[in-house]
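Asks: Take a look at the following structure, please.
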Amino acid sequence: MSSLTFIYAFLMYAATVIMVTGVAFKIYTYSRTPAPLKIPTTPAPTTQSGVVFRIVREVVLFESLFKANKWIWIFGWLFHFGLLLVLLRHLRYFTEPVWSWVVLIQPFGMYAGFAMVAGLGGLWARRILVDRIRYISTPSDHLMLLLLILIGISGLTMKFVAHTDIVAVKQFILGLMYFDIQPMPADPILLIHLGLVSFLMIIFPISKLLHAPGLFFSPSRNQVDNSRDKRHLAPWAAELEK
Amino acid sequence: MAVAEFEVPKVQPYPLVDIPKIKPDATVHLKSFPASEKIQEGIGFPGPLVDNWHKVAIDKMGDLLNRYRSLAVYMDACVHCGACTDKCHYFLGTADPKNMPVARQELMRKVYRRYFTFAGKYFPKLVGAADLTEDVLNDWYSYFYQCSECRRCSVYCPYGIDTAEVTMAAREIMDAVGMGQKYTNEILGKLHRIGNNLGLPGPALLDTLEGLEEDILEDTGVAVKMPIDVKGAEVLLITPSADFFSEPHVESLIGYAKVFHEAGISWTLSSLASEAGNFGLFIGSYENMRRAAMRIREAALELGVKRIVVGECGHAWRVAYSFWNTLTGVGHGGEDEFTRALQAQLDPRYPAPQHICEMTLDLINQGVLKFDKEKNDHRTITFHDSCNVARGSRMGNMPGGQFVIPREIIKAVANNFHDMADETIGEGTFCCGGGGGILTDDLMEVRVKGAMPRMQALQCVVDEHQVNFMAAICAICKAQFSKVLPYYKFDMSMIGGVHQLVSTSIRLSEKK
């Protein structure tokens, strides 16, 4: 096994383990922390199914953001749904034979890469051009955008400019999945792309990317508005009754 | 007290076109008076600043992160997207960037990152983490007392991050190290000691109520009762103590009394629980909030009432609607021993607690109450949705009932009604600028500037529809607007209660 193959195999395993365990730990922490008071932001659904529908609207349509600011919504939505399509398109490297719906979305996934980068560019422009958003930006906010844009551009480069050997890439990835390590193709753009993706996965559980699981645990969004009909008592609050 | 001179913001034509250019530190000097040691001790906190404040503060933050899922999630989830940056009335009025919800939260989040996250411990500059220094603590004191906990930002946040939760946690941490605010903490102490925020003892209440009964008799020729401490009454009314005392609040109290009289419902106030407002909410102290709410439960049990109705008060209604069941078992669905006695006593046909507007509209819809609407014809009315009713609680049995019910009442009792612009009412309503512990003269500049967005929307309906009366169902809104309206060249008597309108046009009969 070449040292390049060894390094990348190790990196990708490590990144996967860190991301999965890190996020799982955060989710465990959130779920274990009590929500002692009912604080849904009203008008809130009065049933559990209504709450599910509310969260789905937030996840799929970015409903609250749409109410807040159309520019952030356009760029944010473009980026996230570009990213989703791109990720789904990448399933072809993880499946053999490739699922037929993954084959079907390939062309959409390709152009979604441009949408994703455009969305990120728009978000970055706002961060620089709008004084109040510039004020709230930290270096890590800028670096996160840079990281994602570089991932997008390196990916698009391999598709549209300097083709990489995708058969070899797929062999490497399938090899990782079945613990049968195959040689890593030494294409520099691919190395950059996969290196940055691994880095993104590693910082996921310690960064603002935690907004993804966070949304599902936000009491102002996920609580049912039924406080008069059902007593809601957290364990530590119940202790005060004794 | 002399109030320093400051510039009253210009009211632009609606819709709002200018989001102000940020002016860093524009309001950093605006600090409310600190609480004395005696005031702090009255609600179970130390004062002044304790010697080992740094450790106490970080420990308290850790404790709150373990106790409140809201705080744990909100500290992590923000992406600095900027959706909330132009949503706070204090930012729109002062242009101080730390009054943008995300920046206000960052005051705590940067400390959270430093002490509780890997990235903040090892790469503080990169992620914007900072040590908790006395300067940071002073910033907290400035800006967490320039937040009215109105939750407008949480409506627009893609993750529902609620600055009120962060503000409440910050205030609780400050209280824990002995850095309390005089206004909120003194009032809370008074509530614990005497039973209401204004410190009115039982005999003074009785005296006031008798005076009001005489006034009503003189005005209407009908003997409307204002009972207090009557055992066996059907309804216990819990209302803000401002209703006993100040204008225009007292006009609504008279309105409630006339509704009860006309509907023939026996009711009573309680000298033990003569306050609906619960300032425990403002400082995020669960224990204080519970202690304040406990009086309601005690009064209900002692008087043996079947229903509990809450008067016009915004934060009070949020605590009553959302938290009383949790805090004290006033509500339904509790299966613990603690709540069973109360549930057995309360009439299950009514929600517990019930808002006075829910009760009045029910009576109107049943045809029990009759009105001479033209008696309100000298008024052209608009309705100010109070923030904690709009975004923190509900009325009726459908989402958004809190927007419909008060407006239905107004339309039933008066002929001229016009809403302000859509994006400034309902769930997007602009705070009066005085809620959440800000209603103190030492913060007058914050209050006046924070009221600007509401004044702008009001100006628009004044110009277009000749509106001359703004109805509200919150004691703080009423007190705040009475003070602030003149700064914007409006008459202070433009503000009043929904039940003030009811009171004006209700047809009273000699009966029951």
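Top to bottom, those sequences are chains A and B.
First residue of the first sequence? That's 1 in the UniProt record's numbering, and the numbers climb one at a time after it.
First residue of the second sequence? That's 1 in the UniProt record's numbering, and the numbers climb one at a time after it.
Idealized CB from N, CA, C, for every residue including glycine.
(1) Please check if any C-beta of chain A sits within less than 8 Å of the C-beta of residue 100/B.
(2) Around the C-beta of residue 337/B, are 16 or more other C-beta atoms found within 10 angstroms, so that it is buried, or is it exposed?
(3) From residue 157/B to residue 110/A, what does the alpha carbon distance come to, in whole angstroms?
(4) Under 8 Å between C-beta atoms, does residue 286/A make it to chain B?
(5) Which of the three DSSP states, helix, strand or coil, is assigned to residue 52/A?
(6) For a minimum of 3 consecutive residues, which ranges assigned as the beta strand (DSSP E) are wholly contained in the segment 477-510 of chain B?
(7) Within its chain, find whatever has a CB closer than 7 Å to the CB of residue 3/A; leave out the 5 residues flanking it on each side and keep chain order.
(8) Quick check on residue 267/B: does DSSP put it in helix, strand or coil?
(9) If we call anything under 8 Å between Cβ atoms a contact, is residue 160/B one with residue 221/A?
(10) Going by DSSP, which residues form a beta bridge with residue 237/B?
(11) Can you tell which of 217/B, 26/B, 19/B and 307/B has its C-alpha closest to the C-alpha of residue 6/B?
(12) Leaving out five residues on either side along the sequence, give the residues of the same chain with a beta carbon under 8 Å from the beta carbon of residue 12/B.
(13) Using beta carbons (cut-off 8 Å, strictly below), is residue 131/A in contact with chain B?
(14) The ligand FMN and residue 237/A: does the residue's C-beta get closer than 7 Å to at least one heavy atom of that ligand?
(15) Tell me, please, which residues DSSP counts as bridged to residue 382/B.
(16) Tell me the rounded alpha-carbon separation between residue 167/A and residue 94/A.
(17) Of the choices 118/B, 219/B, 229/B and 287/B, whose alpha-carbon is the least far from that of residue 238/A?
(18) Relative to the alpha-carbon of residue 348/B, which residue among 138/B, 330/B, 484/B and 63/B has its alpha-carbon at the smallest distance?
(19) Which same chain residues end up closer than 6 Å to residue 187/A when comparing Cβ atoms and leaving out the 5 residues on each side of it in sequence?
(20) Within 8 Å (strictly less), CB to CB, does residue 229/A reach chain B?
(21) Check whether the Cβ atoms of residue 46/A and residue 399/B lie closer than 8 Å to each other.
(22) Rounded to whole angstroms, what's the CA-CA distance from residue 33/A to residue 76/B? Just pull it up for me.
(23) Within 10 angstroms of its Cβ, does residue 48/A collect 16 or more other Cβ (buried), or is it exposed?
(24) Against residue 136/A, what residues of chain B qualify as contacts under a CB-to-CB distance less than 8 Å, listed in chain order?
(25) Any chance you could list the alpha helix (DSSP H) runs of at least 4 consecutive residues sitting entirely within the segment 69-142 of chain A, in chain order?
(26) Does the beta-carbon distance from residue 177/B to residue 53/B come in below 8 Å?
(27) For the segment 262-272 of chain B against the segment 295-309 of chain B, are there 3 or more C-beta pairs whose distance is under 8 Å?
(28) Taking 8 Å as the threshold (beta carbon to beta carbon), is residue 394/B in contact with chain A?
(29) Who are the neighbours of residue 217/A on chain B, taking C-beta pairs under 7 Å?
(30) Would the segment 162-177 of chain B count as touching the segment 133-147 of chain B if we require 3 or more Cβ pairs under 8 Å?
(31) Rounded to a whole number of angstroms, what is the C-alpha to C-alpha distance between residue 153/B and residue 89/B?
(32) Which residues in the same chain have their Cβ closer than 8 Å to the Cβ of residue 240/B, if we skip the five residues on either side of it in sequence?
(33) Between which two residues does the alpha helix (DSSP H) holding residue 243/B run?
(34) DSSP three-state label for residue 261/B, please.
(35) Could you tell me whether the Cβ of residue 122/A comes closer than 8 Å to any Cβ of chain B?
(36) Considering only the beta carbon of each residue, do residue 434/B and residue 148/B sit closer than 8 Å?
Replies: Looking at the atomic coordinates:
(1) Within the second sequence, numbered from 1, the residue matching residue 100/B stands at position 100. Interface residue, yes.
(2) Position 337 of the second sequence, counted from the start, is the residue given in the question as residue 337/B. Exposed: under 16 other Cβ atoms inside 10 Å.
(3) Against the second sequence, residue 157/B aligns to sequence position 157. Against the first sequence, residue 110/A aligns to sequence position 110. So the alpha carbons of these two residues sit roughly 31 Å apart.
(4) There is no way to answer for residue 286/A, as the model of chain A reaches only from 1 to 242.
(5) As a first step, residue 52/A must be located in the first sequence, where it is residue number 52. Residue 52/A: helix per DSSP, three-state reduction.
(6) 495-497
(7) Against the first sequence, residue 3/A aligns to sequence position 3. Nothing meets the Cβ criterion.
(8) One-based indexing of the second sequence puts residue 267/B at position 267. Residue state, collapsed to three classes: strand.
(9) By 1-based counting over the second sequence, the position of residue 160/B is 160. By 1-based counting over the first sequence, the position of residue 221/A is 221. It is a contact, given that the beta carbons lie within the stated cut-off.
(10) For the purposes of this step, residue 237/B is identified with residue 237 of the second sequence, where counting begins at 1. DSSP output for residue 237/B lists 309/B as bridge partner(s).
(11) Residue mapping note: residue 6/B aligns to position 6 of the second sequence, counting from 1. Taking only the C-alpha atoms, the option nearest residue 6/B is 26/B.
(12) Along the second sequence, one-based indexing puts residue 12/B at 12. Same-chain partners within the cutoff: 18 and 456.
(13) For the purposes of this step, residue 131/A is identified with residue 131 of the first sequence, where counting begins at 1. So yes, residue 131/A belongs to the interface.
(14) Within the structure as shown, the ligand FMN is missing, as the structure has no ligands at all.
(15) Mapped onto the second sequence, residue 382/B falls at position 382. DSSP output for residue 382/B lists 470/B as bridge partner(s).
(16) Counting from one through the first sequence, the residue named residue 167/A turns up at place 167. Counting from one through the first sequence, the residue named residue 94/A turns up at place 94. Distance between the alpha carbons of residue 167/A and residue 94/A: 12 Å.
(17) Within the first sequence, the letter at position 238 stands for residue 238/A. Cα-wise, what sits closest to residue 238/A is 287/B.
(18) Residue 348/B sits at position 348 when you count from the first residue of the second sequence. Closest by alpha carbon: 330/B.
(19) Looking up residue 187/A in the first sequence gives position 187. 164, listed in sequence order.
(20) The residue you call residue 229/A lines up with position 229 of the first sequence. True, the Cβ-Cβ gap to chain B drops below 8 Å.
(21) Taking the first residue of the first sequence as position 1, residue 46/A is located at position 46. Taking the first residue of the second sequence as position 1, residue 399/B is located at position 399. Contact: yes.
(22) To locate residue 33/A, count along the first sequence from 1; it is residue 33. To locate residue 76/B, count along the second sequence from 1; it is residue 76. So the two alpha carbons sit approximately 14 Å from each other.
(23) Residue numbering aside, residue 48/A sits at position 48 when the first sequence is read from its first letter. Answer is exposed; the Cβ neighbour count stays below 16.
(24) Within the first sequence, residue 136/A is the residue found at index 136, counting from 1. Neighbours of residue 136/A on chain B, chain order: 80, 82, 85, 97, 100, 102, 103 and 106.
(25) 70-89, 100-104, 106-129 and 131-135
(26) Within the second sequence, numbered from 1, the residue matching residue 177/B stands at position 177. Within the second sequence, numbered from 1, the residue matching residue 53/B stands at position 53. Yes, Cβ-Cβ distance for residue 177/B and residue 53/B is below 8 Å.
(27) yes
(28) Looking up residue 394/B in the second sequence gives position 394. Yes, its Cβ sits closer than 8 Å to a Cβ of chain A.
(29) Within the first sequence, the letter at position 217 stands for residue 217/A. Under the 7 Å cutoff, chain B gives 69 and 73.
(30) yes
(31) Translated into positions along the second sequence, residue 153/B becomes position 153. Translated into positions along the second sequence, residue 89/B becomes position 89. Approximately 10 Å, taken between the alpha carbons.
(32) Stepping through the second sequence from its first residue, residue 240/B is reached at position 240. Taken in chain order, the residues that qualify are 197, 249, 275, 276, 277, 311, 312, 313, 316 and 475.
(33) For the purposes of this step, residue 243/B is taken as the residue at position 243 of the second sequence. Per DSSP, residue 243/B belongs to no alpha helix (DSSP H) and is neither H nor E.
(34) For this step, residue 261/B is matched to residue 261 along the second sequence. Correct three-state label for residue 261/B: helix.
(35) Taking the first residue of the first sequence as position 1, residue 122/A is located at position 122. Not one chain B Cβ lies under 8 Å of residue 122/A.
(36) Numbered from its first residue, the second sequence carries residue 434/B at position 434. Numbered from its first residue, the second sequence carries residue 148/B at position 148. Against a cut-off of 8 Å, the Cβ pair of residue 148/B and residue 434/B comes out as a contact.
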